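>
Residue numbers (this note's numbering): 14 to 756.
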């Protein structure tokens, strides 16, 4: 039985997420008790919406009084009405009256957020209303936000009052333990539901108005509160809906991992036991595991989201808000980066790595070369075809309407075009500035025909829009995703894969896999996109991560690799994401790093250069090319006749930091610690020739000493962290145990 199958079996038998006791019913489309989004008007009467999306309401009372209610948090609504006054009207003193040349008077009224303001009293109908929203003063806070912050403070103080002498302690574990013991709702003090979690002043470039934070019990219909679950069984890309936050790349990443439901469940598994996880979720505490800076980290979250009275304002499952996993993945990533605003600058490929733990290859250079070279275009398709057969995540993106010179993008030395600003405007076939995924390829040799199957995670984005003359295919694809699989490819026969990528699956799973996909001829697809990348989702490979740091450019740990059989592996060195420090006074830049892999030469009894990283995972170098990027990867092959190999992290010697932490990940198809492969942790003396950029060096007891390091091992059961001088063989189906969390 494979590791993925073992995980699915364990998860199904355990019912860790209470999917077996849900009520099979659709979420009601309308809540009869909640017409408004953020607050309720202070007067009653016949209410009609000025805008189709709500926001501003005109209220007519039986005595002829007209009121306007502003149902927003971030806009002052300016209302203008042009009418002829007859002298029997009663007009509020706050209304500005301007005489028009045609005998009419223009009435102008400004309605603050959540306010209900009187315009006039008349026996006649109110003429047409013009309205627009303008930004309030920067320090303005809506009344419901103030009440919301007060309620959150009261909830936190209630827990602290139970802590006694430790009432001011900020330790998350103590706080959670107190909540579990007393049946109180948990609040995350490290990522508190407050304005600083939305946007960090002086750090984030994006700004936010003050928003309300609510738990699911606050925005779900009363009859549906007890039915809230993480998943409610189904996990699908088409359950992912972007909210009002411009984090297109993060939403695309969530939709991408949703194509691997077993991994999404793995991300939410409790690090100790499912029973403890259920107890914690009862008090509003959830765990999400992400790869933060190359290290698997379990984040402890509360269930507060930026939300209205009806639903979360950001990422969510719009079809059924009782499903919480989409909002939690976005919130966990926001906590990992420091704020929700940081998500707007996230790199698309880095998001995939942080969600899956697997390295990515940027294809922008190959894409630009293929634009002018037909042979390069064929080679690019050949590579994509091989990746699709291995069930890798293949991401492509459309160009943004914003020109590079004017777009508010942030510098990324490794791949500047994979984080971008999306646009709501439509172009033929695809939305600009958005990511799509290639899920399958088909090559017909007789016809020399190359096809790709594209997955569209944005089918909801254009639903209900007016069709455009040349947008038939785009409109049909967006509004009727169930029919898109046959468009332009009705004669194509393909074989769909199962959930784990190895074939099979029932009819419903097949339908979900096909939903929102379409086949395109390769040249047409190539012209539609500006670039892309591949995430090496090698689910059945073994994964190990070792923590280290550079002290005055010398690594505290290097790897000594010995193999008895030929082994393929992918090595990656990672550093902290700069999004955590973006916009700070001292601009944060990535250190330039490389991975040096040596092999033993028996004839000379020396260690000689085998390969180094080059910035391209598939193109190892034989030189010293340092890459200033968050993650640097190289694929290499270890052979018994050249053991031992040494994997040596390097940092450019002009680095301005005395100490730089890093994580070295070791991804291979062979179990480490057994008879076939061993990895020992070593420390090389600074006098070793390898630190002088020499391609060969010697190793002896004085230059190379054993060292203790912390390392992780990922299994279907979870992630375990250990300390030792080597990687020991693990039980890949053992009990969950994880020590690397944030509380």
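Glycine included, every Cβ here is placed at the ideal spot set by N, Cα and C.
This structure is a prediction, so every number in the text was calculated from the model and none was measured.
Of the choices 170, 46, 202, whose alpha-carbon is the least far from that of residue 184?
Among 170, 46, 202, the Cα nearest to that of residue 184 is on 202.
> In terms of residue numbering, what span does the alpha helix (DSSP H) encompassing residue 365 cover?
Unbroken alpha helix (DSSP H) run through residue 365: 361 to 369.
> Identify whether residue 661 lies in helix, strand or coil by the three-state DSSP scheme.
Residue state, collapsed to three classes: strand.
> Could you pull the start and end residues of the beta strand (DSSP E) that residue 297 belongs to?
It is not in any beta strand (DSSP E) - residue 297 carries neither H nor E in the DSSP assignment.
> Whose CA, out of 193, 648, 611, 529, lies closest to the CA of residue 584?
Comparing Cα positions, the closest option is 648.
> By Cβ distance below 6 Å, which residues in the same chain neighbour residue 199 in space, the five residues on each side in sequence not counted?
Correct list, in chain order: 189, 192, 296, 297, 298, 315.
> So, helix, strand or coil for residue 743, using DSSP?
DSSP places residue 743 in coil when its eight states are reduced to three.
> Quick one: complete alpha helix (DSSP H) runs, 4+ long, within the stretch 182 to 221?
For the stretch 182 to 221, whole alpha helix (DSSP H) runs of length 4 or above, ordered along the chain, are 185 to 195, 208 to 211.
> Distance check for residue 306 and residue 737, CA to CA, integer angstroms please.
Whole-angstrom Cα-Cα distance: 21 Å.
> What are the boundary residues of the beta strand (DSSP E) that residue 165 is part of?
Run containing residue 165: none in the beta strand (DSSP E); it sits in the alpha helix (DSSP H), 156 to 176.
> Of the residues 582, 739, 734, 33, which one's Cα is nearest the Cα of residue 721?
When each option's Cα is compared against that of residue 721, the closest is 739.
> For residue 394, I'd like the list of residues in its chain whose CB is within less than 6 Å of its CB, leaving aside the five on either flank, ordered along the chain.
So the qualifying residues of the chain are 463, 535.
> Keeping to the same chain, check which residues put their C-beta closer than 7 Å to that of residue 73; ignore five residues upstream and five downstream.
For residue 73, where only same-chain residues beyond five positions count, the Cβ hits under 7 Å are 58, 59, 79.
> Let me make sure I understand the geometry here. Which of 353, 402, 141 has the alpha-carbon closest to that of residue 550?
The shortest C-alpha separation from residue 550 is found at 402.
> Residue 706 and residue 637 look like a contact to me (Cβ under 8 Å); what is the Cβ gap, rounded to whole Å?
Between residue 637 and residue 706 the Cβ distance is about 5 Å, and since that is below 8 Å, they are a contact.
> Find the nearest neighbour of residue 98 within the set 726, 348, 241, 136, judged by alpha-carbon distance.
Measuring from the Cα of residue 98, the nearest candidate turns out to be 136.
> With a 10 Å radius around its C-beta and 16 neighbouring C-beta atoms as the bar for buried, classify residue 127 as buried or exposed.
Per the 10 Å Cβ criterion, buried.
> Let me confirm a value: residue 457 is counted as buried when at least 16 other C-beta atoms fall within 10 Å, else exposed. Which label applies?
Counting Cβ neighbours within 10 Å, residue 457 comes out exposed, since fewer than 16 surround it.
> Nearest CA to the CA of residue 728: which residue from 300, 657, 280, 106?
Measuring from the Cα of residue 728, the nearest candidate turns out to be 280.
> Sort 347, 348, 408 by Cα distance to residue 375 and report the nearest one.
Minimum Cα distance to residue 375 is reached at 408.
> Measure the alpha-carbon distance for residue 119 versus residue 134 and round it to whole angstroms.
For residue 119 and residue 134, the distance between alpha carbons rounds to 15 Å.
> Have a look at residue 333 and residue 29 and give me their C-alpha separation to the nearest angstrom.
Using only the alpha carbons, I get a separation of about 20 Å.
> Output the residue ranges of the alpha helix (DSSP H) runs that lie fully inside the stretch 246 to 305 and measure 4 residues or longer, sorted by chain position.
Runs found: 261 to 270, 274 to 281, 287 to 295.
> In the DSSP assignment, find the alpha helix (DSSP H) that holds residue 387 and state where it starts and stops.
Where residue 387 is concerned, the enclosing alpha helix (DSSP H) stretches over 387 to 402.
> Between residue 711 and residue 604, what straight-line distance do the alpha-carbon atoms span, to the nearest angstrom?
Near 27 Å, if we compare the C-alpha coordinates of residue 604 and residue 711.
> Grab the span of the beta strand (DSSP E) containing residue 533 for me, first residue to last.
Per DSSP, residue 533 belongs to the beta strand (DSSP E) from 530 to 534.
> Measuring only the C-alpha atoms, how far is residue 629 from residue 340?
Cα to Cα, the separation comes out at about 33 Å.
> What residues in its chain sit with their C-beta under 8 Å from that of residue 569, if we drop five residues either side in the sequence?
Correct list, in chain order: 561, 562, 563, 696, 720, 722.
> What whole-angstrom Cβ distance do residue 132 and residue 108 have, given they're in contact under 8 Å?
Indeed they touch by this definition, with Cβ atoms about 6 Å apart.
> Considering only their Cβ atoms, is the gap separating residue 682 from residue 554 smaller than 7 Å?
The answer is yes: Cβ separation under 7 Å.
> Taking only three categories from DSSP, how would you classify residue 710?
Strand.
> Determine contact between the stretch 234 to 241 and the stretch 162 to 181, defined as no fewer than three beta-carbon pairs at a distance below 8 Å.
Because the criterion of three Cβ pairs below 8 Å is not met, the stretch 234 to 241 and the stretch 162 to 181 do not touch.
> Suppose you measure from the CA of residue 249 to the CA of residue 356; what does that come to, to the nearest Å?
Roughly 22 Å between the two C-alpha positions.
> Assuming residue 322 and residue 232 make a contact with CB atoms under 8 Å, what is their CB distance in whole Å?
Right, the Cβ-Cβ distance comes to about 6 Å (below 8 Å), so this counts as a contact.
> Take residue 757 and list the residues in its own chain whose beta-carbon comes closer than 7 Å to its own, dropping the five residues that flank it on each side.
Shown here, the chain extends from 14 to 756; a query on residue 757 therefore has no answer.
> Determine the closest residue to residue 187 out of 215, 268, 313, with distance taken between C-alpha atoms.
Of the candidates 215, 268, 313, the one whose C-alpha sits nearest the C-alpha of residue 187 is 313.
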